[in-house]
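Heads up: the structure comes next, in structure tokens.
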Ligand SMILES: Nc1ncnc2c1ncn2[C@@H]1O[C@H](COP(=O)(O)OP(=O)(O)OP(=O)(O)O)[C@@H](O)[C@H]1O
Ligand SMILES: [Mg+2]
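In the numbering used here, the protein residues as written are 0 to 422.
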């Protein structure tokens with residue numbers, strides 16, 4: 000059975016804002032909210048919470064989802080959302096639909112009047128608006144459109160029309176979409192700029208929330224979880240709830256984490272069962288960068304989760320243009336990001352990306368890259384001030400040069416003692 004948190008963790012600000020919009024339906028004040036965020040961040044979970052509140056308040060809920068599986072069916076999410084009305088025998092009367100009636104046959108065959116429709120998307124959008132208003136005439140209507148990033152252009156055109164015309168209606172539109180650039184995101188952002196819609200960007204959970212989520216998934220309290228589990232999962236998940244669940248699942252199914260009464264105990268390597276799907280997902284995104292981009296990122300991964308461009312350039316011999324163009328592609332693919340505020344430093348957005356890259360290197364390649372990295376660091380940073388010394392030490396150890404690694408580790412230890420930062 001898949002581990003899942005029993006209740007929603009965090010998201011207080013979003014729940015409050017959406018709850019207020021829901022209550023405004025009583026006053027016939029409608030509106031739109033776009034929930035934006037990367038895959039697995041918790042958009043659908045938040046929507047599920049909202050749907051629960053809507054149903055409890057007697058608001059009618061209609062829900063449709065875009066999908067890339069199978070042939071692209073125009074207007075699919077809207078058809079899916081409106082279909083239950085037709086199934087439930089709700090047929091908008093002539094007075095509320097007027098001349099817009101014929102066009103609805105494009106969405107719901109049962110509502111076809113046989114008359115030809117004019118084919119205009121604006122007419123269709125107005126017809127959808129009227130049906131929704133009819134559906135919500137008594138106690139409001141919540142229309143949920145999931146995964147709008149996969150929607151066809153016509154659906155987006157209808158959504159855009161709805162967004163601009165909901166204010167005086169007892170209608171709330173909530174759409175979820177991934178944060179990757181695309182038509183749907185442009186639509187959401189431009190509606191946000193016009194103040195026609197709220198754009199709620201879901202951030203990763205913080206360390207405390209990840210702890211609470213783990214405890215909830217395992218039916219215990221955070222205080223009864225080993226600190227090692229909380230720390231490791233927080234780091235590996237980067238606060239993405241989907242990854243928290245996957246990592247936890249891997250650790251429990253692999254027998255590394257076992258229940259002891261109300262508490263849990265670590266009895267094995269928490270990361271040994273790192274789900275393959277996670278690594279494969281990361282590899283797929285890396286592969287899209289092409290062989291050169293991949294080589295560059297592999298070199299970066301040897302340096303750790305954070306890496307300096309100057310060292311990467313010296314290791315790989317890439318010229319400025321090549322380096323920057325691959326870097327931009329990696330940033331666009333959300334694999335890495337500038338590590339503000341340190342200039343020259345970048346970081347993998349997710350530790351799994353670096354992990355996946357390292358897992359794909361042969362031991363010989365990894366040794367060679369570690370050696371190149373240590374050489375580059377020593378050349379570029381004479382005397383190895385600050386953190387360079389322990390980093391060079393780690394790389395020498397990864398390169399199998401234990402004598403130099405030992406010397407550098409000792410030096411780093413002496414310096415830490417002298418600084419008073421140890422002991
Ligand atoms: N705030 C949260 N509290 C508890 N569990 C959460 C939370 N957010 C997400 N989850 C869980 O994490 C998993 C992924 O969340 P969800 O499916 O909502 O992500 P998503 O943003 O909709 O992803 P996608 O873009 O792939 O559709 C789900 O099993 C969900 O129950
Ligand atoms: Mg989802």
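Cβ coordinates follow ideal geometry from the N, Cα and C atoms, glycine included.
Computed from a prediction, not measured in an experiment: that's the story for all the values here.
Ligand 1 heavy atom lying under 7 Å from the CB of residue i
i: residue 212; result: yes
i: residue 112; result: no
i: residue 38; result: yes
i: residue 7; result: yes
i: residue 270; result: no
i: residue 299; result: no
i: residue 244; result: yes
i: residue 192; result: no
i: residue 347; result: no
i: residue 4; result: yes
i: residue 384; result: no
i: residue 133; result: no
i: residue 426; result: Since the displayed the chain opens at 0 and closes at 422, residue 426 lies outside it and no answer follows.
i: residue 333; result: no
i: residue 33; result: no
i: residue 241; result: yes
i: residue 320; result: no
i: residue 64; result: no
i: residue 177; result: yes
i: residue 414; result: no
i: residue 22; result: no
i: residue 10; result: yes
Buried or exposed by the 16-neighbour rule on C-beta atoms within 10 Å, applied to residue i
i: residue 211; result: buried
i: residue 192; result: exposed
i: residue 411; result: buried
i: residue 422; result: Confidence at residue 422 is low in this model, with a pLDDT of 45, below 50, so its placement is unreliable and the value that follows should be read with caution. So residue 422 counts as exposed.
i: residue 175; result: buried
i: residue 312; result: buried
i: residue 425; result: Coverage of the chain is limited to positions 0 through 422, which leaves residue 425 absent and any answer about it impossible.
i: residue 40; result: buried
i: residue 95; result: exposed
i: residue 183; result: buried
i: residue 394; result: buried
i: residue 13; result: buried
i: residue 98; result: exposed
i: residue 329; result: buried
i: residue 194; result: exposed
i: residue 72; result: exposed
Extent of the continuous beta strand (DSSP E) to which residue i belongs
i: residue 145; result: 140-145
i: residue 175; result: 170-176
i: residue 345; result: 344-347
i: residue 311; result: Premise fails: residue 311 lies in the alpha helix (DSSP H), 308-315, not in any beta strand (DSSP E).
i: residue 35; result: 30-35
i: residue 263; result: 262-265
i: residue 63; result: 59-64
Contacting residues, own chain, Cβ-Cβ under 8 Å from residue i (five flanking each side not counted)
i: residue 266; result: 254, 255, 256 and 257
i: residue 188; result: 198
i: residue 381; result: none
i: residue 85; result: 107, 109 and 110
i: residue 16; result: 32, 197 and 199
i: residue 65; result: 75, 76, 144, 145, 146, 147, 148, 149, 150, 151 and 154
Residue i beta carbon near ligand 3 (any heavy atom closer than 7 Å)
i: residue 363; result: Ligands displayed in this structure: ligand 1 and ligand 2; ligand 3 is not among them.
Close Cβ partners of residue i (< 7 Å) along its chain, the five nearest in sequence each way excluded
i: residue 236; result: 209, 242, 243 and 246
i: residue 391; result: 373, 376, 377, 383 and 407
i: residue 215; result: 4, 5, 6 and 8
i: residue 309; result: 343 and 379
i: residue 54; result: 60
i: residue 140; result: 58, 59, 61, 131, 134, 169 and 170
i: residue 413; result: none
i: residue 165; result: 29, 30, 31 and 172
Start-to-end residues for the alpha helix (DSSP H) that takes in residue i
i: residue 395; result: 387-397
i: residue 410; result: 401-418
i: residue 249; result: 240-252
i: residue 46; result: 42-55
i: residue 89; result: Looking at the DSSP string, residue 89 is not in any alpha helix (DSSP H), and its letter there is neither H nor E.
Neighbourhood of residue i by C-beta, 6 Å cutoff - its chain only, sequence neighbours within 5 removed
i: residue 347; result: 304, 335 and 353
i: residue 190; result: 162 and 196
i: residue 396; result: 404
i: residue 331; result: none
i: residue 103; result: 110 and 126
Quiz item: What residues does ligand 2 have around it, judged by CB closer than 7 Å to any heavy atom, in chain order?
Solution: 42, 43, 145, 146 and 175
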